[in-house]
Structures are given as C-alpha cells and as structure tokens.
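Residue numbers (my numbering): 20 to 478. Structure first, then comments.
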C-alpha cells in the first residue's frame, strides 16, 4: 500500500511542468477566441494569428503588439486583455510561489539561485498563506497606484476614462506587461515625474518577487528570524536590481546625452534615462521613441532585457540571481578563490551549474530564433536608419524572450512565420527558464558511480 501511494505521487511531481504549460496554453487559446469576436475590435476583426499574438503577449506579460491596443480594441477587447494580463501575471507568481515554496520545503541545502530561491523567511508559513499574501499584496499595490494615477489623469480625461486608464496601466505596470492604451506608450508623459514615478515603482515592485517582499517585511517586523536580517537571496536580488537600474541609467544617459537627450534639462534627462533603465528589465513601457535610439543604446537595452528581473515575480529574462551567481563565481576565480562567496555566505556548485545551464540555453534559444527571423524576414521589413535588420531582429527577439515588450517597430511588419517565432519566444521566455531549472531540481538522482577526473586544456 505504501509503495502504491509513493508511485501515485510521482506523476504529480513529474507533471508539474506539463500542468503549468497546459494551463498557460489554455488561457492563451481562450484569450485568442475572445479577441477574435466582432465585439472585441473596432472595424476589421482580428485575424487568428494576430489574436494569438496579442493573447500570448498579454498572458506572458510581454507587451509586444501587432495592432494598437487603445484604438483597435473596443472596451470589451481591452477588458479581455487586462484580464489576460492579470491572470498571466498572477498565474506565474502563484505558480512559482507554490512550486518553489514546495521545493524549498523539500531541499535541505542552504540557498539556491534565482530559481530555487531562499525560503528561510517563509518556512513557518503554509502554502495557502503564501498565496493569500501574494494575492492581497498584488491587489493592494495595484489599487494604490490606480488611485494615484486616477487623481493625476482626472484633469486630462473624463472621470470614467481616467479611472479606466488608471486601472489598466496600474495592472499592466505591476505585472510588467507593458501594454498601454496610449498610441505612444508613455512618451506624452515623459516629463511627468508623478506618472513615470508611479509606473517605475510598480515595475520594480512586480519585478523583485514576493519572496523578497515577504523577507524584507519580515525582517522589518522582526517576526521570522529574530536577530537576522534578510536572506542572501533577498540581498542578491536587491543589490543586483539597484546596480542594474543605476548602471543602466548612467550608461543610457552617457550614450544619449548628446543625441536624444541634448535639448532637455538635467532633471528631464535623468528622469528619461532612469525610466528607460527600469522599464528595460521586462516592463516594456517607453518614454522615448525606441527606433530613434543609438545602436549602443539598443545594445544596452538588449543586455538589460536578457537579464530581466527576480525569480518568483512577474518579470522575465534569465533572472538577476542567475546573472549575479555567475558574476560572483567569475570574480572569485579571478581572485584565485576555490569557493565563490558573497556577503559572508558561500554559493554551492549546484547553484552555479544551474545558472550556467540557464544562461547558455537561453542564449542559444535567442540566437536560434534570431537566425530563423533573419531567414524569414529577409527583405520583408524596412529597417530604420543605417543599423540594418540584424540588430533590430535581435532586439525584438530578446524583448520577446525576456517578456519585455520594447520594440524598434518591426513587429507589425513581421511575416506570419516571423510572428509565430516571436509567439514561441514569448511563451518559452515566460515559462521556459523556470520549468527548466525546476526540472533539473526535481530529477536529481543519487550518484552511484563517479569516474576519475582528468584535466583538459582550457584557453
């Protein structure tokens, strides 16, 4: 009887990835069908491919679009998109919170990297309690931001429109979706510190993950672990997040200071540079015209988009913890240290291996999809300026994989095959990194035999 129960539990564990994939596919298909209804669009109905693209972008909280969200869709269509964004954002948070929490209960080793995370601050909490906190904080943060945006937009729009714009953009920003009802995203509010400040706060809140929020709150209240500050995972996430925001803003300002920012005041320059640095890490809003940016700025945004946000959040990318683990290991090796460590804690070899696998496979996937796009879109897209098609397609592919949504403007001109490739990149970028590392973690087998080591030449 005992053996039967054990065997019955195995499919549940092994099918966790399949259940997650099928759940997101089902939601995408439902959204596609709803967006194809005549009541969802103004004028011409949306084709199946365009509806599938929009639905995938919303569920995967990406923000890439082939039609303008504010003008092409009716109120019904916009409500459908909003629900897809909210369910997609909550779905990935609850999914990662649930499975990672269970993994944390099962693992006895210290802290894992960006995907396994640190669960020490929440070990006393039940899974239901974690999910309740996730839901409560999500709606409270979105509500507070919507109220601020509503107060700001009351002077620009009728009350009903102002309320809808506030709710839509609050949810879209917190879920790091990047969908906007304005045709120019947030370019018209580029110089408004209130609007851009609220959006940036939402993006950062949604991108650091609820484990970090709970850990910081617990340390502040002194409930979870008296005498100890936040966990290593939280310190890694916050340190890397702050570094990337500051580095990205300074680098962006340095590149565009004498170009797109040259006629602005120092404050406005800083505001735009800071916003683009924050939004590049999976949000997708923009206060500057992306096609007008310098090549160096696009390359900077590509790096930020590829890294993304924190695990257990609405953000995409390879995650800041994976990047940080590799950087720490490289620095340790350059210093001649045998063991990578940071902030008084050693990092396990398994963490580094998982981070390397995640980064290498993600890079390979982006390279493969970019190569296929270069084949399918050759001569089909009028590229901007003199940068050529390659950089624009790399940018588009990384934006899709990192579930960011920033675009140089080539998305609406993609062929059907090109759109399908971007749809695949968005879906894999949303679920791929997490399911990959979870699969590696859940399929561990005990080592029964070990071959002798032999050194090879490197470099």
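We put the CB at the ideal spot given by N, CA and C, even for glycine.
With a threshold of 6 Å on Cβ separation, who are the neighbours of residue i within its own chain once the five nearest residues in sequence on each side are excluded?
| i | result |
| --- | --- |
| residue 478 | none |
| residue 139 | Here the model assigns residue 139 a pLDDT of 41, short of 50, so the residue's position is not dependable and the matter cannot be decided. |
| residue 69 | 85 |
| residue 213 | 171 |
| residue 292 | 268, 271, 272 |
| residue 348 | 359, 371 |
| residue 196 | 80, 82, 104 |
| residue 351 | 359 |
| residue 303 | 82, 197, 423, 424, 425 |
DSSP state of residue i, grouped into three classes?
| i | result |
| --- | --- |
| residue 364 | strand |
| residue 304 | coil |
| residue 92 | strand |
| residue 299 | coil |
| residue 209 | coil |
| residue 139 | The pLDDT assigned to residue 139 is 41, lower than 50, so where the model puts this residue is not dependable; a value taken from the coordinates is nonetheless given after this. Here residue 139 sits in helix by DSSP. |
| residue 444 | helix |
| residue 329 | coil |
| residue 59 | helix |
| residue 197 | coil |
| residue 287 | helix |
| residue 265 | helix |
| residue 310 | helix |
| residue 471 | coil |
| residue 157 | helix |
| residue 151 | helix |
| residue 104 | helix |
| residue 202 | coil |
| residue 359 | coil |
| residue 258 | helix |
| residue 423 | coil |
| residue 433 | coil |
| residue 131 | With a pLDDT of 38 at residue 131, under the threshold of 50, the modelled position of that residue is not reliable, and the figure given next carries that caveat. In this structure, residue 131 counts as coil in the three-state DSSP scheme. |
| residue 232 | helix |
| residue 175 | coil |
By the DSSP assignment, the alpha helix (DSSP H) with residue i in it spans what residues?
| i | result |
| --- | --- |
| residue 320 | 314-326 |
| residue 278 | Here residue 278 belongs to no alpha helix (DSSP H), and DSSP marks it neither H nor E. |
| residue 216 | 212-227 |
| residue 178 | 178-193 |
| residue 352 | 339-353 |
| residue 69 | 67-78 |
| residue 415 | 408-420 |
Take the Cβ of residue i as the centre, count every other Cβ of all protein chains shown within 10 Å, and call the residue buried at 16 or more, exposed below.
| i | result |
| --- | --- |
| residue 353 | exposed |
| residue 162 | exposed |
| residue 404 | In this prediction, residue 404 has a pLDDT of 47, which is less than 50 and means its spatial position is unreliable; nothing more can be read from the coordinates. |
| residue 105 | buried |
| residue 394 | exposed |
| residue 357 | exposed |
| residue 76 | buried |
| residue 127 | Low confidence applies to residue 127: its pLDDT is 33, below 50, so where it sits in the model is not reliable enough to give any reading. |
| residue 396 | buried |
| residue 180 | exposed |
| residue 252 | buried |
| residue 61 | exposed |
| residue 387 | exposed |
| residue 246 | Summary for residue 246: the model assigns pLDDT 49, below 50, so the residue's position carries little reliability, and this model does not support an answer. |
| residue 474 | exposed |
| residue 294 | buried |
| residue 370 | buried |
| residue 368 | exposed |
| residue 72 | buried |
| residue 277 | exposed |
| residue 285 | exposed |
| residue 506 | With the chain running from 20 to 478 in the structure shown, residue 506 is simply not present. |
| residue 234 | buried |
Taking CB distances under 7 Å as the criterion, tell me whether residue i reaches chain B.
| i | result |
| --- | --- |
| residue 211 | Chain labels in this structure do not include chain B; a single protein chain is all it has. |
Tell me which same chain residues have a C-beta within less than 7 Å of the C-beta of residue i, skipping the five on either side of it?
| i | result |
| --- | --- |
| residue 378 | 337, 341, 345 |
| residue 421 | 301, 324, 325, 327, 335, 336, 448 |
What residues in its chain sit with their C-beta under 8 Å from that of residue i, if we drop five residues either side in the sequence?
| i | result |
| --- | --- |
| residue 59 | 53, 65, 92, 93, 95, 96, 99 |
| residue 202 | 87, 89, 90 |
Contact between the segment 434-449 and the segment 89-98 is defined here as three or more beta-carbon pairs at a separation below 8 Å; is this criterion met? no
Per the contact definition of three or more C-beta pairs closer than 8 Å, is the segment 219-232 in contact with the segment 183-202? yes
Check whether the segment 359-371 and the segment 443-453 touch, using three or more Cβ-Cβ pairs below 8 Å as the test. no
Decide yes or no for the touch test of the segment 195-214 against the segment 299-316: beta carbon pairs closer than 8 Å, at least 3 of them. yes
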